[in-house]
């Protein structure tokens with residue numbers, strides 16, 4: 041029987057904390073809790089130093105103690121715990137953020153007010169109460185500069201591997217509670233739901249009331265099918281919420297209907313949307329693969345750390361036989377996948393297999409984790425002095441037979457991110473990317489490229505123009521055709537160079553340079569004026585080591601990765 045893995049849902053309630061804004065715990069108690077936390081992690085975590093050196097962990101522990109000794113506040117302690125656990129780069133080992141957020145906000149709801157960072161600036165992404173216009177630039181919250189708040193929130197946001205994009209997305213969701221926690225400590229539990237955004241009063245939502253009978257029978261749908269003009273979208277909001285019976289039924293019924301009516305609907309493609317899906321049960325995740333993949337995949341391999349460790353056998357392993365995906369209701373048409381920084385845990389595993397098996401293009405941004413393996417089965421622990429609850433992973437979920445705790449997040453084949461105009465207009469930029477793919481499926485197919493440099497340049501273009509809406513349609517198609525032609529020229533010349541004489545080599549080198557120049561010049565001509573500066577930087581012989589083009593870090597993209605890092 042397939043064991044069900046429960047993944048940390050991060051911002052969904054895991055535990056509760058007895059913290060309040062007014063601290064009655066001194067730094068001695070904080071330090072005692074840090075000592076306890078260090079022991080618990082080293083004792084219970086399956087592989088605490090899989091993604092960090094033990095020296096880094098010890099150094100972070102000493103820094104955390106120094107921080108609470110100096111600042112002596114509860115928010116400083118929370119930040120210290122967050123920073124310490126972030127060193128492990130395991131999102132399943134973290135503080136329980138949702139209970140902390142609820143406690144800071146005294147039960148008031150801030151979900152309707154959402155923020156996003158674009159080019160290092162913070163904007164209003166959504167305001168369900170209608171008090172602030174979407175797309176408004178946020179200078180400050182409660183008098184604290186938005187960039188400072190984001191830096192503070194990043195200290196406690198979860199991280200999986202080098203998933204800077206995902207870490208930043210979760211930090212954006214913590215801006216309001218961080219701002220409130222930094223205000224007058226004397227407020228304590230008397231916080232009445234009012235904050236200031238850009239110096240203007242803003243009222244948060246009312247405290248959540250007890251569920252009525254009517255609301256109890258009208259649960260939010262966590263899996264939905266949407267029939268569009270030329271494609272069908274399968275939106276999976278969570279692999280963990282709701283009843284499994286309902287999930288499997290909706291999934292099976294949807295694929296059956298798609299198989300029967302796709303021709304009638306004029307369906308050209310299936311789009312699986314995992315944006316905002318923070319994970320859940322592996323069985324639900326693997327069931328999606330059953331309908332779209334016809335290969336044999338081992339789902340999953342599970343590694344659990346036993347309580348009584350045996351020397352030489354630190355992990356108990358639960359393995360499963362390979363399961364042949366695909367059956368009666370297999371979807372055989374084109375498929376694409378949508379992910380973002382909130383796609384975590386089980387969503388990462390599906391995205392990893394999707395990319396490894398080349399099931400189709402992936403649109404969006406890097407998700408919260410790596411394909412090869414993620415930690416799992418978080419267990420809740422309460423720190424004895426402060427009452428703060430933390431979760432510590434007790435197992436590993438791997439899509440491979442061996443444990444390979446990689447660092448690089450699963451990245452999309454085409455980065456697509458919102459710009460300010462998208463926020464204001466309510467435009468979903470992935471719709472344009474999907475349209476490009478359906479209309480011209482061969483554009484961007486890296487298997488058609490031969491030379492490594494050509495592949496790298498295309499990946500860079502798809503990344504640096506992630507927020508530029510002019511990158512699409514005719515412009516993107518023409519750039520691709522030019523790149524293909526240049527790739528052919530470059531590849532042929534490099535083949536000739538292998539066995540060329542010295543005199544022939546000089547001419548080949550000259551021709552190769554002309555081929556590159558012709559390619560770059562031709563691409564630059566088809567690009568709109570405002571896009572040419574970035575392209576010039578990309579193709580410059582002395583291009584800068586880092587090109588800043590949006591939410592990213594050097595581990596998330598090919599443009600900014602260190603030169604000594606492998607492909």
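Residue numbers (the numbering used here): 41 to 607.
Heads up, the beta-carbon is just placed ideally off N, CA and C, and yes, glycines get one too.
Model, not experiment: these values are computed from the prediction.
Pick from 96, 139, 149, 497 that is closest to residue 126, judged by C-alpha positions:
Minimum Cα distance to residue 126 is reached at 96.
Please classify residue 266: is it buried, with 16 or more other beta-carbons within 10 angstroms of its beta-carbon, or exposed?
It counts as exposed.
Comparing alpha-carbon positions, which option in 522, 334, 374 lies nearest residue 498?
Checked all of 522, 334, 374; the closest Cα to residue 498 is 522.
May I ask you to report which of helix, strand or coil DSSP gives residue 271?
Three-state DSSP puts residue 271 in a strand.
Enumerated in chain order, which unbroken segments of the alpha helix (DSSP H) with a length of 4 residues or greater are wholly contained in the stretch 444-529?
As far as the stretch 444-529 is concerned, its whole alpha helix (DSSP H) runs of at least 4 residues are 460-465, 470-479, 492-504.
Alpha carbon to alpha carbon, how far is residue 167 from residue 256? Give it in angstroms, no decimals.
Interpretation of residue 256 is limited by its pLDDT of 38, a score under 50 that renders its predicted location unreliable; no figure is taken from the coordinates.
Is residue 83 buried or exposed, if buried means 16 or more other CB atoms sit within 10 Å of its CB?
By the 10 Å Cβ count, residue 83 comes out exposed.
Which same chain residues, not among the five before or five after residue 517, have their C-beta less than 7 Å away from its C-beta?
The answer, listed in chain order, is 480, 483.
To the nearest angstrom, report how far apart residue 286 and residue 529 are at their CA atoms.
Counting only the Cα atoms, residue 529 lies some 55 Å from residue 286.
Buried or exposed: residue 457, going by 16 or more other Cβ atoms within 10 Å of its Cβ?
When all chains shown are included, residue 457 counts as buried.
Between which two residues does the alpha helix (DSSP H) holding residue 560 run?
Start and end: 542-566.
With DSSP collapsed to three states, give me the class of residue 611.
Examination of residue 611 is not possible in this model, given that the chain is present from 41 through 607 alone.
Determine, using beta-carbon pairs with one atom in the stretch 132-141 and one in the stretch 154-174, whether at least three such pairs fall under 8 Å.
Not touching, per the Cβ criterion.
Sub-8 Å separation of residue 428 and residue 373 beta-carbons
For residue 428 and residue 373, no; Cβs fall outside 8 Å.
Taking DSSP as the reference, what is the three-state secondary structure of residue 356?
Reduced to three states, the DSSP call for residue 356 is strand.
Coarse secondary structure for residue 142, derived from DSSP in three states
Residue 142: helix per DSSP, three-state reduction.
Counting beta carbon pairs with one atom in the stretch 144-162 and one in the stretch 177-196, are three or more of them shorter than 8 Å?
Contact between the stretch 177-196 and the stretch 144-162 is present, because at least three Cβ pairs lie under 8 Å.
What is the rounded straight-line gap between the Cα of residue 216 and the Cα of residue 419?
When rounded, the distance between both Cα atoms is 27 Å.
Would DSSP call residue 172 helix, strand or coil?
In the three-state reduction of the DSSP assignment, residue 172 falls in the coil class.
Please go through the same chain and pick out, in chain order, the residues whose beta-carbon is closer than 7 Å to the beta-carbon of residue 327, but skip the five residues on each side of it.
If we look at residue 327 and ignore the five residues flanking it on each side, its Cβ neighbours are 288, 291.
Does the distance from the CB of residue 400 to the CB of residue 378 come in under 8 Å?
No, they are not a contact pair.
Taking the alpha helix (DSSP H) that residue 217 belongs to, which residues open and close that run?
Following the DSSP letters along the chain, one finds residue 217 inside the alpha helix (DSSP H) bounded by residues 215-221.
Are the stretch 463-477 and the stretch 495-514 in contact at 8 Å, needing three or more beta carbon pairs?
Contact between the stretch 463-477 and the stretch 495-514 is present, because at least three Cβ pairs lie under 8 Å.
Member of 149, 77, 156 whose CA lies at the smallest distance from the CA of residue 121:
Nearest of 149, 77, 156 to residue 121, Cα basis: 77.
Where does residue 429 fall in DSSP's three states?
If DSSP states are grouped into helix, strand and coil, residue 429 belongs with the strands.
Using a Cβ cut-off of 8 Å (strictly closer), state whether residue 199 contacts chain B.
The chain labelled as chain B is not found in the depicted structure, where only one protein chain is given.
Rounded straight-line distance, which links the Cα of residue 71 to that of residue 113:
About 12 Å.
Of the listed residues 511, 525, 527, 344, nearest to residue 611 (C-alpha basis)
Nothing in the structure corresponds to residue 611, since the chain is present only between 41 and 607.
Looking at C-beta atoms only, is the number of pairs between the stretch 99-117 and the stretch 171-178 that lie closer than 8 Å three or more?
Too few Cβ pairs lie closer than 8 Å, so no.
Nearest residue (CA-CA) to residue 491, options 537, 463, 526:
That would be 526, whose Cα lies nearest to the Cα of residue 491.
Does DSSP put residue 206 in a helix, a strand or coil?
DSSP, read as helix, strand or coil, puts residue 206 in helix.
Is the beta carbon of residue 435 closer than 8 Å to that of residue 382?
Inclusion of residue 382 and residue 435 in the CB contact set at 8 Å is not warranted, their separation being larger than that value.
For residue 342, count neighbouring C-beta atoms within 10 Å of its own C-beta (all shown protein chains included) and say buried if the count is 16 or more, exposed if not.
So residue 342 ends up on the buried side.
Express the C-alpha separation of residue 488 and residue 171 in angstroms, rounding to a whole number.
In a straight line, the C-alpha of residue 171 is about 50 Å away from that of residue 488.
Quick one: using the 10 Å Cβ neighbour count with 16 as the cut-off for buried, is residue 398 buried or exposed?
Residue environment analysis places residue 398 among the exposed positions, since fewer than 16 neighbouring C-beta atoms fall within 10 angstroms of its C-beta.
Excluding the 5 residues flanking residue 462 on each side, which residues of the same chain have their C-beta closer than 6 Å to its C-beta?
Contacts found: 469.
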